[in-house]
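Residue numbers (my numbering): 411 to 829. Data block below; observations after.
Here it is as structure tokens:
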């Protein structure tokens, strides 16, 4: 800007002098004063223009503001996930009934093998807690995805584990009341189950392997609609929903499964959660609704005894009318107990005892009664890296449930990087 003013003043001077070769000395002095005044005015304009650029009032800012708003929306999307790898060694003598596999296991079915259990990436935009919309998408790949996949592709190691839209509706029109919360949350799409103490994501569990209850007594995911709100001054956390059933992306019959969840903390450091599922789970094979209602009642209690010691207990009971395999009414139960102690800032130890009973062998053909014990040592290797080592002993009433033995012993080592 300053160079432009200088060039303009010089050009003006040349034009004036070339057209006034006979001008007097007084006229020349007057011209020099006018040029000086013009330079001062140009300097003032330059300073004002620079100030407009700093305050963002120039027209060019308006042209880029829309792009900046879009960038702000994208920056609100949270990205997370984890990478989980493992080695598993089976110590059972006499081999195994399934060549190369660990009988009865849920995820860690491979023996003497390195595996990539899961590579999960999730994207989420949380809905405004006072009212607004959001979404979440969890994409999982690896050996675990092959088990959780609800599309029936047994060899597909890719799973859209969760994918739902979320909306928070304000209830301010109800006025000031402690009976119900100020908002209610709705989710529509695919989401993980409310039942059980263990979850699909490895970093959120205390052990490497999953219990029999996790894979045999409970569902993994549901596709439908779920609501969540609090009542009685937020003492009770309530869930209610309708979905396609157990692990069904598309319903396999004309009925629907209803879910209900209730969480609360009766005393300090103790919390309980109950989940109830009820609906038809039999497949329509002849165009009619082969009524086979399934009932599940899941209960979890957690107790933070001290800052270092945490305990959990889980009890599940399930019933199926007109089971597909036998046409009879069947029932299964499971009991799990967990303990975790934080030894140091970086070291922790965990223990799990489990008992799974399935008298009609409906949920598992392995045995009618299974129980096991699991010991896990965990170390926080780095800020985002977790290492675990585990020993597990499974027992069965059948003498050849695990190959040629009624016992199965495994050891495992795991690394998890959390994004």
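Think of the CB as a built atom: it goes at the ideal place given N, C-alpha and C, for glycine as much as any other residue.
Is residue 659 near residue 731, with beta carbons less than 8 Å apart?
-> no
To the nearest angstrom, report how far apart residue 750 and residue 713 are at their CA atoms.
-> 11 Å
Do residue 821 and residue 492 have their C-beta atoms within less than 8 Å of each other?
-> no
Compute the distance between the beta-carbons of residue 626 and residue 648, then report whether it is under 8 Å.
-> no
Name the two residues that bound the continuous beta strand (DSSP E) containing residue 555.
-> That residue, residue 555, is in no beta strand (DSSP E); its alpha helix (DSSP H) goes 553–558.
When the Cβ atoms of the region 626–637 are set against those of the region 547–555, are three or more pairs found closer than 8 Å?
-> no
In terms of residue numbering, what span does the beta strand (DSSP E) encompassing residue 743 cover?
-> 740–752
In whole angstroms, what is the alpha-carbon distance linking residue 580 and residue 593?
-> 4 Å
Entirely within the region 652–721 and at least 3 residues each: give me those beta strand (DSSP E) ranges in chain order.
-> 667–677, 680–690 and 703–714
Quick one: Cα of residue 699 to Cα of residue 772, how far?
-> Note that residue 699 scores 46 on pLDDT, short of 50, meaning its location in the model is unreliable; the coordinates nonetheless yield the value given after this. Going by the C-alpha atoms only, they are around 21 Å apart.
Counting pairs of Cβ atoms below 8 Å between the region 600–609 and the region 637–646, do you hit three or more?
-> no
May I have the straight-line CA-CA distance separating residue 467 from residue 490, to the nearest angstrom?
-> Summary for residue 467: the model assigns pLDDT 42, below 50, so the residue's position carries little reliability; its value from the coordinates is reported in the next sentence. Taking the straight line joining both Cα atoms gives about 38 Å.
Given 8 Å, three or more beta-carbon pairs between the region 535–543 and the region 568–577 | yes
Excluding five sequence neighbours on each side, which residues of the same chain lie with their C-beta closer than 6 Å to the C-beta of residue 789?
-> 756, 757 and 797
Distance, Cα to Cα, residue 810 vs residue 514?
-> 13 Å
Delimiting residues of the beta strand (DSSP E) encompassing residue 828 | 817–828
CA-to-CA distance, residue 541 to residue 586, given in whole angstroms | 17 Å
Quick one: residues in its chain with C-beta nearer than 6 Å to the C-beta of residue 805, no 5 flanking neighbours on either side, listed in chain order?
-> 781 and 817
Smallest Cα separation from residue 705: which of 686, 624 and 784?
-> 686
Identify, in the order they occur along the chain, each residue of the same chain with its Cβ nearer than 6 Å to the Cβ of residue 566, setting aside the five sequence neighbours on each side.
-> 559
Proximity winner among 692, 610 and 512, relative to residue 530 (alpha-carbon distances) | 610
Which partner residues of residue 781 appear in the DSSP bridge assignment?
-> 765 and 805
How should residue 516 be labelled, buried or exposed, when 16 other C-beta atoms within 10 angstroms of its C-beta is the threshold for buried?
-> buried
Residue range of the unbroken beta strand (DSSP E) whose run includes residue 601 = 593–602
Below 7 Å CB to CB, which residues in the same chain sit around residue 652 once its five sequence neighbours on both sides are set aside?
-> 634, 635, 666 and 668
If you run the structure through DSSP and keep just helix, strand and coil, what is residue 624?
-> helix
Please work out which residues of its chain come closer than 6 Å, Cβ to Cβ, to residue 469, disregarding the five sequence neighbours upstream and downstream, and give them in chain order.
-> Residue placement at residue 469 cannot be trusted, given a pLDDT of 40 that sits under 50; the coordinates are not used to answer.
Report the three-state DSSP secondary structure of residue 470 (helix, strand or coil).
-> Bear in mind that the predicted position of residue 470 carries a pLDDT of just 39, short of 50, making it too unreliable to give a figure here.
C-alpha distance - residue 422 paired with residue 485, whole-angstrom precision = Bear in mind that the predicted position of residue 422 carries a pLDDT of just 44, short of 50, making it unreliable; the figure below should be weighed with that in mind. Their Cα atoms are separated by approximately 53 Å.
Output the distance between the C-alpha atoms of residue 733 and residue 689, rounded to the nearest integer angstrom.
-> 13 Å
What separation, rounded to the nearest whole angstrom, lies between the Cα atoms of residue 645 and residue 737?
-> 42 Å
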